[in-house]
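Data first, discussion second: the structure below is written as structure tokens.
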Amino acid sequence: MELLDLTAVELGKKIRQREVSAAEAVEAVFARAETAEPLLHSYVTFNREDALAQAEEVQKKIIAGELTGPLAGVPVAVKDNLCIAGELTTCSSKILSDYRPTYTAEAVRNLQRSGAVILGKTNMDEFAMGSTTETSWYGPTRNPHHPEHVPGGSSGGSCAAVAAQECFYALGSDTGGSIRQPSSFCGVVGLKPTYGTVSRYGLIAYGSSLDQIGPITKDAADCAAVLEAIASYDEKDSTSIRREDLHFTEALTEDVKGLRIGIPADYFGEGLDEEVAEAIRAAANILEEQGAVVERFHLSLVDYAIPAYYVIASAEASSNLERFDGVKYGYRTADYDGLHNMYKKTRSEGFGAEVKRRIMLGSFVLSSGYYDAYYLKALKTKALIKQAFDQAFEKYDLLLGPTAPTTAPLLGESLCDPLKMYLGDIYTIAVNLAGLPGMAVPVGRDQNGLPIGMQLIGNHFQEKILLRAAYTYECATNRQFEKPADIEKLQETCREKTVRNTVEKKEEVSAGKEVQAR
Amino acid sequence: MANKISDEVMDYVGILAKLELSGQEKEAAKKDMEKMLDYIDTLNELDTSGVEPMSHVLPVQNVFREDVVTNGDNKEETLGNAPLRKDDYFEVPKTIG
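Chains A and B are the protein sequences, given in the same order.
Take 1 as the starting number for the first sequence in this note's numbering and just add one per residue.
Take 519 as the starting number for the second sequence in this note's numbering and just add one per residue.
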């Protein structure tokens, strides 16, 4: 399985040098997925025939010299909230279980232009609402490092697929930590770019002012290459930013000398697991040894990010999800009496519990009489949180802390207490409110072998600093924490413990075939 | 201060959200929402007087462009997604008596 051990950029190079063909790469990940999928369920759809057809096309263009980029021919997995024309795009929801978009997300188009081979769509929390990938209508994804634990969420399928080598890299989306937290839980690298860097066109919206698409990869070099490929100004996204410098791979230098790193002391308070805290401190020490200037400081308002987020994100979600009404696409209830009854029944049957919870909360905070007290108050809090970060970035080039307070929780542990689950996003959510870039990088394992990730937070447009620090850290630690999950060992564990598979036979999954786990 | 939501408010929110919750679901949703609102109320500890509500963190303005069609005719694909269609229309239940 040597081929699977390659990073995306390494594989791309071998493909360009004709040592490996794009089709061989597809076959390798497909063989892995055949073994891993019955245990993990990272994918909603895995499209082998279509991927092989793409691989053939891409190969021709590589030979003809039309595709010369670092990702040409490299197989990628795409989160199932990103539209691909003609391909099933479900958001892991019953309400979109038969939806085939007529257009392709700009970020995916950018990958296609770079010669990417798209393998399929990955599982996620329904409409990206959740932190565990357990709210998926298709059933949960499991953590490839430990099958009784969640992979995190909402981009849990993408992160599990990368960690289990079921793809060479993946796309995720991040509204409150949905790239960084599962990346941390699965031991992979994940980056949420500055708001506006990657076009949201074709990303099925959750919280539009917070959503960003980003790379999920095996290491920092891949992360930079993928970000460089997907970032673009796009007039189809009215919040797209025209950035001058998108050459993120230039940042891959081993140099943090004099880099001012601030550690928010507030991130090390109550609720932080001691093993996680220790790993993050050790990572900070390593960067300090490499010449960075590390200092603890007080970042204010940390406790107010989550309540502000749930008001804003739920409000936006309640508005964004109004479009799912059983008329233009998706599920429609079987029996109804008139138009309004059809709307209500369709939505009530089509959405899962967490989605309904947020739509209800969002509708409430936007309703007359409560708008000022909740929605406007949250937007004012957001302004203060942004200010707190502005002050921090006057003193520091980069902030460093944990991505999540704990490692991946056990399956079934989180959903019974939503508020507790929400609190797990305490370190990631403020970054979305302030529109900043944030990156998760593996820095250790806990006693159960579950990965621990540090979070690097930069000022607007400073992705390069994050990538440079991550790359320097990787070099200094010999990438020892970025090892993939051991699938053979996982198989054994599952055999021994006869872990109940939530997904039945996944081998049958072929072109566009829907996986009905329920 | 513990939030209490009346059944009337829940019904009203259900209308806004276009969701029909069963009796049991409604009770659970009410409890969830009360708990969330108690938590959200911690924002009241913050003095936000004089603070402008911030919708966008970066200075973005309305973007204008010429209204030119750039995509092709996707009629069949678009209507193909409809749960119910009649000829070239989306079919909905009768709305006028």
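Here a beta-carbon is modelled for each residue, glycine too, at the ideal position from N, C-alpha and C.
Since we're looking at a predicted model, the values are computed, not measured.
Roughly how many angstroms lie between the CA atoms of residue i and residue j, to the nearest whole one?
| i | j | result |
| --- | --- | --- |
| R603 of chain B | K94 of chain A | 20 Å |
| I452 of chain A | A535 of chain B | 39 Å |
| K14 of chain A | K218 of chain A | 17 Å |
| V578 of chain B | P38 of chain A | 46 Å |
| T428 of chain A | T613 of chain B | 46 Å |
| Q542 of chain B | D266 of chain A | 40 Å |
| V527 of chain B | E482 of chain A | 50 Å |
| Q455 of chain A | S414 of chain A | 22 Å |
| C167 of chain A | L6 of chain A | 11 Å |
| E106 of chain A | L52 of chain A | 22 Å |
| A517 of chain A | M129 of chain A | Any reading at A517 of chain A must be qualified, since the residue scores a pLDDT of 35, below 50, and its modelled position is unreliable; no value is offered. |
| E270 of chain A | L423 of chain A | 12 Å |
| L4 of chain A | Q17 of chain A | 17 Å |
| T472 of chain A | N285 of chain A | 13 Å |
| A23 of chain A | E288 of chain A | 44 Å |
| I263 of chain A | G176 of chain A | 20 Å |
| L119 of chain A | Q462 of chain A | 31 Å |
| D372 of chain A | G362 of chain A | 13 Å |
| V29 of chain A | K548 of chain B | 46 Å |
| D337 of chain A | T403 of chain A | 48 Å |
| N580 of chain B | G438 of chain A | 27 Å |
| A277 of chain A | G532 of chain B | 43 Å |
| R242 of chain A | R200 of chain A | 14 Å |
| V76 of chain A | V327 of chain A | 33 Å |
Please report the residue range of the alpha helix (DSSP H) in which residue i lies.
| i | result |
| --- | --- |
| R445 of chain A | It is not in any alpha helix (DSSP H) - R445 of chain A instead sits in the beta strand (DSSP E) that spans 438–445. |
| D50 of chain A | 48–63 |
| T596 of chain B | 593–598 |
| T346 of chain A | 339–350 |
| F30 of chain A | 22–40 |
| V365 of chain A | 353–366 |
| G12 of chain A | 8–16 |
| I216 of chain A | I216 of chain A -> not in any alpha helix (DSSP H); beta strand (DSSP E) instead, spanning 212–217. |
Considering Cα atoms alone, identify which of the options is closest to residue i.
| i | options | result |
| --- | --- | --- |
| M360 of chain A | B:K522, B:N589, B:L539, B:N521 | B:L539 |
| T135 of chain A | A:R260, A:E278, A:H145, A:S155 | A:S155 |
| E126 of chain A | A:V355, A:A392, A:A55 | A:V355 |
| N143 of chain A | A:L419, A:S158, A:F168 | A:S158 |
| T45 of chain A | A:K60, A:G214, A:Y422, A:R100 | A:R100 |
| V226 of chain A | A:V26, A:L272, A:E463, A:L111 | A:L111 |
| I179 of chain A | A:V311, A:G152, A:V198 | A:G152 |
| A308 of chain A | B:I558, B:A547, B:E552 | B:I558 |
| W137 of chain A | A:F351, A:A440, A:G449 | A:F351 |
| A388 of chain A | A:G435, A:L376, A:G362 | A:G435 |
| G258 of chain A | A:T493, A:V311, A:A469 | A:A469 |
| G444 of chain A | A:A279, A:R32, A:V58, A:S314 | A:A279 |
| G207 of chain A | A:T122, A:Y201, A:I312 | A:I312 |
| D417 of chain A | B:M554, B:S573, B:E545, B:N562 | B:M554 |
| L490 of chain A | A:E87, A:H145, A:A85 | A:H145 |
Applying the 10 Å Cβ sphere with the 16-neighbour rule, what's the burial state of residue i?
| i | result |
| --- | --- |
| T141 of chain A | buried |
| F582 of chain B | exposed |
| Y607 of chain B | exposed |
| V586 of chain B | exposed |
| L410 of chain A | exposed |
| M458 of chain A | The identity of residue 458 of chain A in the sequence shown is Gly, whereas the question assumes Met. Label assigned to G458 of chain A: buried. |
| G115 of chain A | buried |
| Q480 of chain A | exposed |
| K345 of chain A | buried |
| S567 of chain B | exposed |
| L576 of chain B | exposed |
| T132 of chain A | buried |
| S524 of chain B | exposed |
| K593 of chain B | exposed |
| S368 of chain A | exposed |
| S573 of chain B | exposed |
Using the beta-carbon of each residue, which ones in chain E are nearer than 7 Å to residue i?
| i | result |
| --- | --- |
| Y607 of chain B | The displayed structure is made up of protein chains A and B, and chain E is not among them. |
Need the endpoints of the beta strand (DSSP E) that residue i sits in, please.
| i | result |
| --- | --- |
| K79 of chain A | 75–79 |
| R243 of chain A | R243 of chain A -> no beta strand (DSSP E), and no H or E assigned at all. |
| I261 of chain A | 260–264 |
| I280 of chain A | Taken as a continuous stretch (DSSP letters only), I280 of chain A belongs to no beta strand (DSSP E), being part of the alpha helix (DSSP H) at 274–289. |
I'd like to confirm something about residue i: is its beta-carbon nearer than 7 Å to some heavy atom of the ligand FMN, or not?
| i | result |
| --- | --- |
| S318 of chain A | For the structure depicted, the ligand FMN is absent and the ligand set is empty, with no information on it obtainable. |
Legend entry - Sequence ranges, alpha helix (DSSP H) only - wholly within the segment 155–197 of chain A, length at least 4: 156–163, 180–186
Inset, instruction - Note down, one range per segment and in chain order, each alpha helix (DSSP H) of at least 4 residues found wholly within the segment 385–464 of chain A. - result: 418–423, 429–433
Inset, instruction - Could I get the ranges of all uninterrupted alpha helix (DSSP H) runs contained in the segment 466–501 of chain A, with 4 residues as the minimum, in chain order? - result: 487–497
Legend entry - Runs of beta strand (DSSP E) wholly within the segment 95–137 of chain A (minimum 3 residues, chain order): 117–122
Legend entry - Unbroken stretches of the beta strand (DSSP E), 3 residues or longer, contained in the segment 293–337 of chain A: 293–297
Legend entry - Minimum length 3: unbroken beta strand (DSSP E) runs contained in the segment 523–610 of chain B: none
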